[in-house]
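For the record, the sequence lines run as chains A and B.
Anchor point for the first sequence: position 17 equals 17 in the working numbering, and the numbering is continuous, going up by one each time.
Anchor point for the second sequence: position 161 equals 161 in the working numbering, and the numbering is continuous, going up by one each time.
Just so you know, even glycine gets a beta-carbon here, dropped at the ideal spot from N, CA and C.
Each remark here refers to the structure printed beneath this line.
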Amino acid sequence: MERTIYREIKATPQILQLAALLGLFILAAAASILYVEHHGHIVTGMNNEIVWGLPHVFAIFLIVAASGALNVASIASVFGKTPYKPMARLSGLLALSLLAGGLAVLVLDLGRPDRLIVAMTTYNFKSIFAWNILLYNGFFVIVGAYLYVQMARSMPYSVIRVAGTVAFLWRLVLTTGTGSIFGWLVARSAYDAAVMAPLFIVMSFSFGLAVFILVLSLITRLTDRSLGPKLIARMGRLLGIFAGLVLYFTAVQHLTNLYAAEHGSVEAFILRDGGIYTQLFWVGQVIIGGLIPIALVFHPTGGAKPASTIVASALVIAGGFSQLYVILIGGQAFPLEIFPGFDVSSSFSDGVVNAYSPSYLELLLGLGGVALALAITGFGMMVLRILPTNLSDANVGQS
Amino acid sequence: MKLPALNFDKKPTEMNRRDFLKSGGAVATLTLAPGVTLMAFGGDAEAQADPGKRWGLLIDVNKCAKDCNACVSACSTENGWGQEGHGDKGAQWIRKVDLKDKATGRESSLPMMCQHCENPPCVDVCPTNASFKRPDGIVLVDKHKCIGCRYCMMACPYKARSFIHEDVTDQKAHAPRGKGTVESCTLCVHRVDTGGTPACVEACSATGHGAMMFGDLNDPDSEISKALDNYPSVALRDDLGLNPGVRYSNL
């Protein structure tokens with residue numbers, strides 16, 4: 001086992017092609033933003049019923065994954081697992097990049113993104129949204145400092161450990177805040193549940209690690225740096241545990257609701273009668289995003305292959321988008337129950353399942369956020385010593 | 001910021017440019033076109049509120065005719081919304097809801113608007129304090145603080161709020177609107193502050209139905225307080241403990 005050496009990645013033709021592709025997505029998102037800003041949200045699929053649409057699915061996925069991407073660094077610095085230590089810098093950088101991408105989508109979908117300064121200077125401390133703004137800004141500062149102490153010369157491990165612990169605690173609070181955006185919505189039967197906060201925390205563990213595994217696999221392949229199959233399989237098994245936890249908390253969420261007669265109709269909508277939402281729940285989230293990846297990484301023989309972990313990671317991400325689509329859009333599609341015991345109708349979609357067809361403008365904005373996050377990560381690896389030259393099993397240890 | 005001269009369609013109070021500037025930064029302005037400016041609800045709207053009052057509505061569902069839309073038309077005309085006309089993307093400050101009791105089949109109809117809660121969830125969740133409640137209980141949106149995040153629309157149990165999805169024209173000086181912000185019933189605050197009655201109540205009365213009553217819930221001698229004392233009424237989603245200022249009887 002040799003000393004871990006970190007080196008900037010070189011701008012090879014392959015890397016430049018990838019950067020150009022990401023740039024195209026970012027440009028497309030910029031065009032979409034300008035178009036929506038000019039015409040208003042009339043040109044999107046969102047309406048007065050589905051007020052948060054596909055951009056929010058992307059934004060919340062990225063924000064949740066950001067805090068989860070810090071897992072690897074936390075496991076190294078806080079829990080002292082040696083094999084994860086060489087990857088801690090990438091973990092921190094990816095966390096910052098994903099958060100930046102997610103927040104960009106969130107802010108650029110505002111009705112008045114030009115008033116961001118208002119959001120930054122006027123706080124209603126009773127609003128979990130306002131708290132989230134502080135939590136996001138704090139995350140940038142704390143994880144930035146954590147990254148710095150990891151990279152500074154001759155920094156004592158105790159300092160890194162303290163910074164890592166603060167970052168770990170902060171990310172738990174941050175994701176509690178993200179989950180509580182929904183958990184504290186008393187008006188809507190699909191939300192209003194304390195389990196939303198821990199559910200979002202395990203979602204962040206799972207989605208963030210899946211994104212980390214894919215980014216690490218891709219960049220080591222593009223830069224011809226070795227990545228040990230045992231290290232990948234180890235992260236894959238951890239991903240399997242996280243995916244199982246997501247299924248567990250999802251089961252608790254729905255079983256609790258099913259027990260209460262007042263929530264029977266919203267549960268029937270999501271679990272049985274909701275069309276696209278029911279399909280995305282069972283097929284997208286549970287089977288593709290949960291059961292299959294768990295089976296892949298824990299398979300007695302196939303589980304050790306890097307391909308299993310990589311495929312499992314991709315499936316967990318697909319399941320994560322499905323889950324967030326069901327939570328966000330499905331939760332809004334189900335009509336508000338203002339008059340229990342009555343059939344209702346009005347000119348304002350009372351009593352009907354609200355329709356939503358996302359426009360390509362929303363998709364471009366969301367994909368632009370993903371591209372921005374990846375571009376920042378790539379740029380960070382080009383200018384900073386983030387990525388180790390050798391992550392072979394022999395080199396990272398096994399403790 | 002350029003502050004063009006005020007040009008009200010109707011002047012609730014006489015105010016020249018100097019008075020306007022003296023009223024402080026709490027009153028923000030929105031330029032519609034050269035020389036046409038709107039006041040956003042802000043400190044000025046709040047300053048005129050009497051903390052001793054709690055404005056409210058009592059709606060007698062028995063008196064509300066199913067085919068009558070007078071309250072909605074009056075609100076639309078008074079406040080200048082409803083011209084966009086894009087189905088689920090158009091604003092509706094007030095709407096008629098038709099109800100059918102699932103158990104008995106009895107049909108009824110009622111107007112729904114912002115319920116002007118004592119504990120409004122929209123105000124709780126608003127990150128920038130754009131959603132606010134005046135001391136007299138009227139819940140408003142300060143259009144110059146609203147960033148268009150729509151969290152209030154997620155939080156409102158009554159579906160009372162609308163997002164402005166496109167440019168709006170022909171605005172009323174007393175009811176500022178703006179693309180990318182959220183709006184809802186103001187209880188015709190511009191009328192109330194000058195001793196008037198909301199347009200919907202006035203229109204309902206004019207039809208002869210008399211299903212809507214407006215008044216001060218804090219004044220035990222007001223017509224609305226006496227009616228609430230004498231007849232049973234309900235608050236919608238009473239389970240949420242929001243104590244809305246709008247009550248319904250004979251539902």
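Express the C-alpha separation of residue 321 of chain A and residue 56 of chain A in angstroms, rounding to a whole number.
Using only the alpha carbons, I get a separation of about 11 Å.
Quick one: list the residues of chain A neighbouring residue 181 of chain B, beta-carbon separation under 7 Å, in chain order.
Per Cβ cutoff of 7 Å: 111, 112.
Taking C-alpha atoms, which residue in A/311, A/219, A/8 lies nearest to residue 236 of chain A?
Cα-wise, what sits closest to residue 236 of chain A is A/311.
Residue span of the alpha helix (DSSP H) that contains residue 170 of chain A, given as start and end:
Boundaries of the alpha helix (DSSP H) around residue 170 of chain A: 157-183.
Run through DSSP, which three-state label would residue 343 of chain A get?
Of the three classes helix, strand and coil, the one that applies to residue 343 of chain A here is strand, per DSSP.
Between residue 129 of chain B and chain A, is there a C-beta pair that is closer than 7 Å?
Closer than 7 Å to some Cβ of chain A, the Cβ of residue 129 of chain B qualifies, so yes.
Since residue 101 of chain B is in the beta strand (DSSP E), which residue starts that stretch and which ends it?
Here the beta strand (DSSP E) through residue 101 of chain B covers 94-101.
Residue nearest to residue 80 of chain B in terms of C-alpha spacing, selected from B/236, B/250, B/188, B/226:
Closest option to residue 80 of chain B, judged by alpha-carbon separation, among B/236, B/250, B/188, B/226: B/188.
Is the shortest distance between the beta-carbon of residue 329 of chain A and the beta-carbons of chain B less than 7 Å?
Judged by the 7 Å Cβ criterion, residue 329 of chain A is not in contact with chain B.
Determine the burial state of residue 352 of chain A: buried for a count of at least 16 other Cβ atoms within 10 Å of its Cβ, exposed for fewer.
Around the Cβ of residue 352 of chain A, a 10 Å sphere holds fewer than 16 other Cβ atoms; the residue is exposed.
Spell out whether any CB of chain A is found under 7 Å from the CB atom of residue 154 of chain B.
Residue 154 of chain B has a beta carbon lying within less than 7 Å of a beta carbon in chain A.
On the premise that residue 178 of chain A lies in contact with residue 72 of chain A, defined as a C-beta separation below 8 Å, what is that separation, rounded to the nearest angstrom?
About 20 Å; that fails the 8 Å criterion.
Hey, does residue 247 of chain B have any beta-carbon neighbour from chain A nearer than 7 Å?
No, residue 247 of chain B does not count as interfacial toward chain A.
For residue 162 of chain B versus residue 92 of chain B, is the C-beta distance shorter than 7 Å?
Yes, the Cβ-Cβ distance between residue 162 of chain B and residue 92 of chain B is below 7 Å.
Please determine, among A/202, A/92, A/162, the residue with the shortest C-alpha to C-alpha distance to residue 251 of chain A.
Ranking A/202, A/92, A/162 by CA distance to the CA of residue 251 of chain A puts A/202 first.
What residues from chain B crowd round residue 115 of chain A, counting only those whose CB sits closer than 7 Å?
By Cβ distance, chain B contributes 147.
Answer yes if the stretch 117-132 of chain A comes into contact with the stretch 198-208 of chain B, meaning at least three C-beta pairs across the two stretches below 8 Å, and no otherwise.
With a cut-off of 8 Å, the stretch 117-132 of chain A and the stretch 198-208 of chain B do not count as touching, because too few Cβ pairs lie within range.
Could I get the ranges of all uninterrupted alpha helix (DSSP H) runs contained in the stretch 273-361 of chain A, with 4 residues as the minimum, in chain order?
Complete alpha helix (DSSP H) runs here, min 4: 276-279, 292-298, 306-325.
Can you check whether the C-beta of residue 76 of chain B is within less than 7 Å of a C-beta belonging to chain A?
No, no contact with chain A.
Taking beta-carbon pairs under 7 Å, can you tell me which members of the stretch 20-42 of chain A lie near chain B?
Within the stretch 20-42 of chain A, the residues whose Cβ lies closer than 7 Å to any Cβ of chain B are, in chain order, 39, 40, 41, 42.
Quick check on DSSP: helix, strand or coil for residue 234 of chain B?
Here residue 234 of chain B carries a strand assignment [DSSP, helix/strand/coil].
Given a limit of 8 Å on CB to CB distance, which residues of the stretch 207-230 of chain A reach chain B?
Listed in sequence order: no entries.
Could you check whether the Cβ of residue 257 of chain A sits closer than 7 Å to any Cβ belonging to chain B?
Residue 257 of chain A does not count as touching chain B.
Excluding sequence positions up to five away, which residues of its chain have a Cβ less than 6 Å from the Cβ of residue 256 of chain A?
In its chain, beyond the 5 residues on either side, no residue has a beta carbon closer than 6 Å to the beta carbon of residue 256 of chain A.
Do you know how far the Cα of residue 396 of chain A is from the Cα of residue 149 of chain B?
Those two C-alpha atoms are separated by around 46 Å.
Proximal residues, the stretch 332-353 of chain A versus chain B, C-beta separation under 7 Å
Residues 336, 338, 339, 341, 342, 343, 344, 345, 346, 347, 348, 349, 350.
Within the chosen definition, does the stretch 47-64 of chain B reach the stretch 134-142 of chain B through at least 3 CB pairs nearer than 8 Å?
As far as the Cβ criterion goes, the stretch 47-64 of chain B touches the stretch 134-142 of chain B, which means the pair count is three or higher.
Indicate, with yes or no, if the ligand SAM has a heavy atom lying under 6 Å from the CB of residue 135 of chain B.
Absence of the ligand SAM is noted for the structure shown, with no ligands found whatsoever.
Residue 271 of chain A to residue 187 of chain A span [Cα, whole Å]:
So the two alpha carbons sit approximately 20 Å from each other.
Would you kindly work out how many angstroms separate the C-alpha atoms of residue 358 of chain A and residue 284 of chain A, rounded to a whole number?
Going by the C-alpha atoms only, they are around 18 Å apart.
Could you pull the DSSP bridge partners for residue 59 of chain B from this structure?
Paired residue(s): B/212, B/248.
Can you tell me where the alpha helix (DSSP H) holding residue 184 of chain B begins and where it ends?
It is not in any alpha helix (DSSP H) - residue 184 of chain B carries neither H nor E in the DSSP assignment.
Please list the terminal residues of the continuous beta strand (DSSP E) segment that includes residue 231 of chain A.
For residue 231 of chain A, no beta strand (DSSP E) encloses it; the enclosing alpha helix (DSSP H) starts and ends at 229-259.
Runs of beta strand (DSSP E) lying entirely within the stretch 110-147 of chain B, each at least 3 residues, in chain order
Counting only runs of 3 or more, we get 131-133, 139-141.
Is it the case that the Cβ atoms of residue 217 of chain A and residue 175 of chain A are separated by a distance below 7 Å?
If you check the CB distance, residue 217 of chain A and residue 175 of chain A do not come in under 7 Å.
Against chain A: residues of the stretch 165-190 of chain B by CB proximity under 7 Å
Along the stretch 165-190 of chain B, the positions whose C-beta sits under 7 Å from a C-beta of chain A are 165, 166, 167, 179, 180, 181, read in chain order.
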